[in-house]
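Student: Chains as they are written, first to last, in this note's numbering: chain B, 5 to 132; chain Z, 5 to 132.
Glycine residues also receive a C-beta, built at the ideal position from the N, C-alpha and C atoms.
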DNA sequence: CCGAATCCGAAACGATACTG
DNA sequence: CAGTATCGTTTCGGATTCGG
């Protein structure tokens, strides 16, 4: 399968791929989507499980995904506050669409590291 | 298929997805990979077909992809210079892994636009 | 024709402190 | 608990200029 059932033959106009990458190509979106694929999660749960993300980036990223219709934000106005995030059907379809890429990454990361090492060891390797 | 054959259950350690996105999650990499999936291309051909990319970003992105073993760079030292770029087998497998995401994008972009419009029209929409 | 080098503005990101 | 506000740093990316 070299040219069928893919995202198009690339020869078409300005290409929508950029818009998708502008949405999920950031540092955290796909991580959050992936974690939410296991079920609804609360803010602090995500904060812990994504690990490395700051409060700010978690908030910002969640807002963006909510705006794009990838997930829903449900507020229970009690004390203490309780906010739950959950994938929409579109969010789950996105998760499935990104699965092959995540698979690919785990399968090829070692090879990529080797390629980089080989490249950097070449006589004509770039200085920095 | 809700949970099988995907990139893992998300519960594992710090997650490699970030490294992949650090590689192909930028603005241009996937576009270039997509264009190269049709066969080898020269620098100026890519410059024209990607359209919107600057010389600098084309050079930088191509170098990165070459370093990661996604594509090869072949120089024919003649006048005028002739440099050809071509996907490696790993590059082609990457192209296939990203195909579902590109498919998804073309299928859902309109719906996302609608979701954004609806979100922005909500009474509690963010100011900016 | 194919790039490298430099400069600069814009945007992303992170740490911290504060609020209901 | 679940954010918001502010600040400083880092990175991205475009324009321009120069070299082989």
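Can the beta-carbon of residue 75 of chain B be found closer than 7 Å to that of residue 69 of chain B?
Tutor: Indexing the first chain from 1 puts residue 75 of chain B at position 71. Indexing the first chain from 1 puts residue 69 of chain B at position 65. Contact flag set, yes.
Student: For chain B, find out if any of its Cβ atoms is closer than 7 Å to the Cβ of residue 72 of chain Z; answer yes or no.
Tutor: Indexing the second chain from 1 puts residue 72 of chain Z at position 68. Chain B contact via Cβ: present.
Student: Within the 7 Å Cβ cut-off, does residue 116 of chain B reach chain Z?
Tutor: On the first chain, position 112 is the one that residue 116 of chain B refers to. It does; some Cβ of chain Z falls within 7 Å.
Student: What are the boundary residues of the alpha helix (DSSP H) that includes residue 88 of chain B?
Tutor: If you number the first chain from 1, residue 88 of chain B lands on position 84. Not the alpha helix (DSSP H): residue 88 of chain B falls in the beta strand (DSSP E), residues 86-91.
Student: Starting from the beta carbon of residue 83 of chain Z, find every residue of chain B whose beta carbon is closer than 9 Å, and list them in chain order.
Tutor: Working through the second chain from its first residue, we reach residue 83 of chain Z at position 79. The premise fails here: residue 83 of chain Z is roughly 21 Å from chain B at the closest Cβ pair, so nothing lies under 9 Å.
Student: Residue 20 of chain Z lies in the beta strand (DSSP E); which residues open and close that run?
Tutor: As a first step, residue 20 of chain Z is located in the second chain; it is residue number 16 there, counting from the start. Note, residue 20 of chain Z: premise wrong, no beta strand (DSSP E); not H, not E.
Student: Checking contacts by CB at 7 Å: is residue 58 of chain Z closer than that to chain B?
Tutor: Locating residue 58 of chain Z in the second chain gives position 54, where the first residue counts as 1. Closer than 7 Å: no.
Student: According to DSSP, residue 82 of chain B sits in a beta bridge with which residue or residues?
Tutor: In the first chain, the residue the question calls residue 82 of chain B occupies position 78. Residue 82 of chain B pairs with nothing; no bridge assigned.
Student: In this structure, what does DSSP give as the bridge partners for residue 76 of chain Z?
Tutor: Here residue 76 of chain Z refers to the residue found at position 72 when the second chain is read from its first residue. DSSP lists Z:90 as partners of residue 76 of chain Z.
Student: Assign residue 126 of chain Z to one of three DSSP states: helix, strand, or coil.
Tutor: The sequence position of residue 126 of chain Z within the second chain is 122, counting from 1. Coil.
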